[in-house]
Amino acid sequence: MPLLFHIILSLYLLLFHFLSFSSSLQSLCLSDQSSALLQFKTSFIVNANYTSSVCHQSDPRTTTWENGTDCCSWLGVTCDLISGHVIGLDLSCSGLQGKLYPNNTLFHLTHIQTLNLAFNNFSKSQLPSQFGGFVSLMHLNLSSSYIDGEIPSHISYLSKLQSLDLSHNSLKWKETTWKRLLQNATALRDLVLDYTDMSLIRPLSLSSSLVTLSLVHTRLKGNLTIDFPCLPNLQQLYLSSNFYLEGPLPNLSCSTSLSILDVSSCQFQGSIPSSLLTLPHITFLYLNHNHLSGQIPNIFHQSSKFQVIDLSDNNIKGELPLSLSNLQNLLHLNLSFNKFSGQIPNAFGELTKLKILDLSGNSLEGQIPSSLFNLTQLSILKCYNNKLEGPLPNKITGFFNLVNLRLNNNLLNGTIPSWCLSLPSLVGLDLSNNHFTGHIDAISTYSLKILLLCNNQLQGNIPKSIFNLVNLTALCLSSNSWSGTVHFPLFSKLQNLEILSLSQNNQLSFNFESNINYSFSRLKILELSSNNLTEFPKLIGKFPSLSCLDMSNNKLNGKVPDWLHEMDSLHILNFSRNLLTTSINQFSRNYRLHVLDLSFNLLYGDISSICNISSLQILNLSNNKLIGIVPQCLVNLSSLQVLDLHMNKLYGSLPIIFQKNKLSDLNLSGNQLQSRLPTSLSKCTQLEILNLGNNQIEDAFPHWLHKLPNLRVLILRANKFHGPITSLNTKNLFPSLTILDISCNNFSGSLPTTYIKNLEAMKNTVELESDLQYVEFKYIMYGDKYYYYIPSYDSMAIMVKGINIIVTRIPTTFVTTDLSANNFEGEIPNVIGKLHALKGLNLSHNRLIGTIPRCLGNLTNLESLDLSSNMLIGGIPTELTNLNYLEVLNLSQNRLVGEIPQGKQFNTFSNGSYEGNLGLCGFPLSIKCDRNTGQHSSPSPNFWSEQKIGFGWKPVAIGYGCGMVFGMALGCCVVLKRKPQWLARIVESQPNKRAKRRARIRPHGRMND
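Taken in order, the sequence shown gives residues -24 to -1, 1 to 985; the numbers are from mature numbering (1 follows the signal peptide of the UniProt record, and there is no 0).
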């Protein structure tokens, strides 16, 4: 009985203590803590609609905070169960808005251990130093909270910190604050400082306790290989988008715990270290967008844990490593836009878990291995911009989950197999710019949104099944051999369509008539160029959203229809290369146009009315019958970037006042402009191309143009410029100039040595790649990212290899100087020998004396050299035989003597290269040299006095002339997002020259990544 009593008594006392403890839990919150929290709440506005990249919807937790209730039960608040102090506060994504002042009652919560105020809006507050008073703080997150300014040194007092996230704010570190933090916070494991400013941190000292380190876009500088410490516990490292980090990759061989490495978008160079690829736990590797070179070490083994490898946008070369097939866990492999060559290994078909494979933008060749088409998990396959060839397989066993297939810009041929058009999950299919032939089978992939088949050799009727693809947003069928008649209104069944390109199908006819009312509600881009259209279709009210209309290169004549002026959404209009005879005033009603290309028509009238289109960025009215002056209001358009009025009948003076504007290309050549150049042109600091050739401008050399830092092309040929080109003491004269043509004027005095010394862009040779780089002419992009529009404004007449030609795409490697047909005197300066990038040099038809400088042999990229019709003496330097690319040489009509050098290119030149030099002997001339003297007998003393000099001499360069075009157009190019792949062979000027390069001509196309 006593035992039972004691048991009952013990249970009673235990129950009493439990009830007492429960009662204390209900009133756990201390009054000072509650008061501090409530005052903190009232210091901010709560914006319930506040969103961010992470918080799709605000969670205003402070709305549950009410006076008289237990603060420990409030959302976001955590209390110590014994003391009642607030030790945790999580108000992330709570819509707090307002300044965070140093006297805020938040800083009364001195026992707090975890504080998360991320994704609020503290209205660009300075980071209060009072954060240093949280001596117990272990976790602090202020990410994306609109805090600005310098990080106070007091942050280093937080010695117990284990994680710190200050990312995505406008905060700046001082080196002393950074070092003190790392010295005191010895337990720091997770450090996330993305988008803070660490430009003053050098060197980058780090704590060996770190597990996660994220320093994305922090303005770090220098070479991390020297600075980076051994971090044995590090598992995740993010350094991407630090554009000033350079040198080799940091040494991470001792970071044996590393599983995620992201150093993308930096400036790292050198090869990929083998130690990095053999780290035992490495799973995600992002080295993309750097300058890495060399080859990938062929050391991948089956124990590797790689799931993602991204090496895109580097300079890595060689063949694809066969050991990549050992990575059985690989989900994502991106090797695009490097310099890989050879074939795609058949072993890639062993990567059975692969979901994304991108090999685009390399020089891979041969057939795509059949094993690749058997991968069942693959969702994205991109192999575009390579040299892949052969047909696609007729049958495959994989691709069940394929969403995006891009094989464009290759050499693939044969017919397009039916499986390409019947994959159940396919959303994007791009087979453009290949050599596919034959007919198209029925298309049953109804999930398709993007279908690009342009620039092939497809035949027959456009398949009717296309009109059932109701999800299509982009359709390109241009540049094929389609035939038959297309009932255009059928395309209106595709109500999601935004891009429709049907250009360059000469055998295809269009029927625009319909008894049924139809419209294209979402269509933004319509291409109908080069289709033999003879009249404008009735499109009134059909295209409420149309932004771009291209009907160029047809046979449209007469006036433009009235419906054109009712298209308020139109931003790009291209009616070039037609037979329009209307007044230019008709187009002044399209007030919202950004691009207007009416070149190569028969338009007439005064162009002043175009000034009404204040939004113009590109205007091309070249090759018409326009008259009048260039109106001042036109160059005052603040948005204008390209103005091309060449080959019209414009006269008078240029506009006097050029304001600082966006003008980058100005082409007024082939008119009748007079007077002087306005010095206000020097205010156009973005000017890259200035072409004023073939006019009647009378002025001295416009030396003030040297102030234009971006000027790459300067053409003043065939005007009335005169006088000496005065030397200036200023440095950095024309630093970007790569094409200089001042030929056919009346310049006199010595050659402009000072300017030649400063032509830095002509000194630096550019390495030729498989895809030649081109001047990046301005373009406008509208609608879908797959569409790029390049107008035809970028044409100019220049002398190339002795022939006056028109070029419409200028390679960045095309560097030429033409000072011919002037009155320059004196010797050829040796400084010309330093212009190593020169491909064309023409000093002919002047009054130059002295010998040919031996230093011209240093111009190893030179393809054309014309020194004819001068008074040069002495022998031909043997150093010129070093010019391995020289295709045109003209030394005629000088006073040269001695034996013509032999070997290499000199064995290919004909008599015409040397005629008029009676002192020359040897091949190819019939005059034999006297082996004892090295030359034949000299001409009579009276010979040279009998010859005429300067302009009176016979112009012997084939096609030579000023202001007349004898050449050919170089054509159009495929416009790619990264690199155009086009070059047309320049017409040969001598029948026996040897071509040094064979270039591919790509058909025109405008759809791309």
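Backbone N, C-alpha and C define an ideal beta-carbon position, used for all residues, glycine too.
**Request:** Leaving aside the five residues before and after Ser629 along the sequence, list all residues of the same chain whose C-beta is less than 6 Å from its C-beta, in chain order.
**Result:** Ser651
**Environment of Arg178 [buried if 16+ CB atoms lie within 10 Å]** = exposed
**Nearest-angstrom beta carbon gap, Gly60 and Leu6 [assumed within contact, 8 Å]** = 5 Å
**Asked** What distance in whole Å lies between the Cβ atoms of Asn721 and Asn798, which are believed to be in contact at a cut-off of 8 Å?
**Response** 6 Å
**Request:** My understanding is that Leu67 touches Asn92, with C-beta atoms under 8 Å, so please give their C-beta distance in whole angstroms.
**Result:** 7 Å
**Message:** Quick check: what's the CA-CA separation for Ser423 versus Val446?
**Reply:** 8 Å
**Message:** Assuming Glu664 is part of the alpha helix (DSSP H), what are its boundary residues?
**Reply:** No alpha helix (DSSP H) holds Glu664; DSSP gives it neither H nor E.
**Rounded separation between Ile438 and Cys524 - CA only** = 23 Å
**Message:** If distances are taken between C-alpha atoms only, which option among Leu595, Ile583, Glu801 comes closest to residue 1073?
**Reply:** Residue 1073 lies beyond the residue range present for the chain, which begins at -24 and ends at 985; the question has no answer from this structure.
**Message:** Tell me the DSSP secondary structure of Glu736 in three-state form.
**Reply:** Three-state result, Glu736: helix.
**Prompt:** Under the DSSP definition of a beta bridge, which residues are partnered with Ile594?
**Reply:** Val571, Val618
**Request:** Using only alpha-carbon positions, find the residue among Leu504, His541, Leu843, Leu540 that is nearest to Ser528.
**Result:** For Ser528, the nearest C-alpha among the options comes from Leu504.
**Prompt:** By a C-beta neighbour count over all protein chains shown, 10 Å radius and 16 as the cutoff for buried, is Pro256 buried or exposed?
**Reply:** exposed
**Message:** Can you find the residues in the same chain that come closer than 6 Å, C-beta to C-beta, to Cys452, ignoring five residues on each side of it along the sequence?
**Reply:** Leu428, Cys430, Ser477, Met983
**Message:** If you measure between the beta carbons of Leu113 and Thr81, is that distance less than 9 Å?
**Reply:** no
**Request:** Hey, could you find the ends of the beta strand (DSSP E) Lys75 is sitting in?
**Result:** Careful: Lys75 lies outside any beta strand (DSSP E) and carries neither H nor E.
**Request:** Go ahead and label Lys625 buried or exposed: buried means 16 or more other beta carbons lie within 10 angstroms of its beta carbon, across all protein chains shown.
**Result:** That one is exposed.
**Request:** Go through its chain and collect everything with a Cβ distance to Ser217's Cβ below 8 Å, but skip five positions before and after it.
**Result:** Val192, His193, Ser240, Ser241, Cys242
**Prompt:** In terms of residue numbering, what span does the alpha helix (DSSP H) encompassing Phe16 cover?
**Reply:** 7 to 18
**Request:** Answer with buried or exposed for Thr421, where buried requires no fewer than 16 other C-beta atoms within 10 angstroms of its C-beta.
**Result:** buried
**Request:** Return the bridge partner residues of Gln243 from the DSSP annotation.
**Result:** Glu222
**Message:** What does the alpha-carbon distance come out to for the pair Asn409 and Asn858?
**Reply:** 39 Å
**Request:** Counting only the same chain and skipping the five closest in sequence on each side, list residues whose C-beta sits under 7 Å from that of Leu663.
**Result:** Leu639, Ser640, Leu642, Leu684, Asn686, Leu687
**Request:** Check whether the Cβ of Gln271 lies closer than 9 Å to any Cβ atom in chain D.
**Result:** The structure shown has no chain D; it contains just one protein chain.
**Asked** In its own chain, which residues sit with a C-beta less than 8 Å from the C-beta of Ser459, not counting the 5 before and 5 after it?
**Response** Gln435, Gly436, Asn437, Gln483, Leu484
**Prompt:** Under the three-state reduction of DSSP, which class applies to Gly943: helix, strand or coil?
**Reply:** Reliability of the predicted coordinates at Gly943 is poor, the pLDDT of 26 falling under 50, and the value obtained from them is presented with this limitation in mind. Looking at Gly943 - three-state DSSP - the assignment turns out to be coil, as it is neither helix nor strand.
**Asked** Can you tell me whether DSSP reads Phe697 as helix, strand or coil?
**Response** coil
**Message:** Distance check for Leu657 and His682, CA to CA, integer angstroms please.
**Reply:** 11 Å
**Prompt:** Should Leu327 and Leu357 be called a contact, given that it needs their Cβ atoms to be closer than 9 Å?
**Reply:** no
**Request:** Using three-state DSSP, classify Trp41 as helix, strand or coil.
**Result:** coil
**First through last residue of the beta strand (DSSP E) which encompasses Asp124** = 123 to 126
**Prompt:** For the 8 Å Cβ check, are there 3 or more pairs between the segment 230 to 240 and the segment 272 to 280?
**Reply:** no
**Message:** Which residue wins for smallest C-alpha separation from Arg382, given the options Asp334, Lys425, Leu602, Leu51?
**Reply:** Asp334
**Message:** Rounded to the nearest angstrom, what separates Gln911 and Gly898 at their Cα positions?
**Reply:** Note that Gln911 has pLDDT 49, beneath the 50 cutoff, so the model's placement of it is unreliable and the number below is only indicative. Taking the straight line from one Cα to the other gives about 8 Å.
**Request:** Specify the secondary structure class of Ile583 as computed by DSSP and reduced to three states.
**Result:** In this structure, Ile583 counts as helix in the three-state DSSP scheme.
**Message:** Once the 5 residues before and after Asn588 are set aside, which same chain residues still bring their CB inside 7 Å of it?
**Reply:** Ser564, Tyr567
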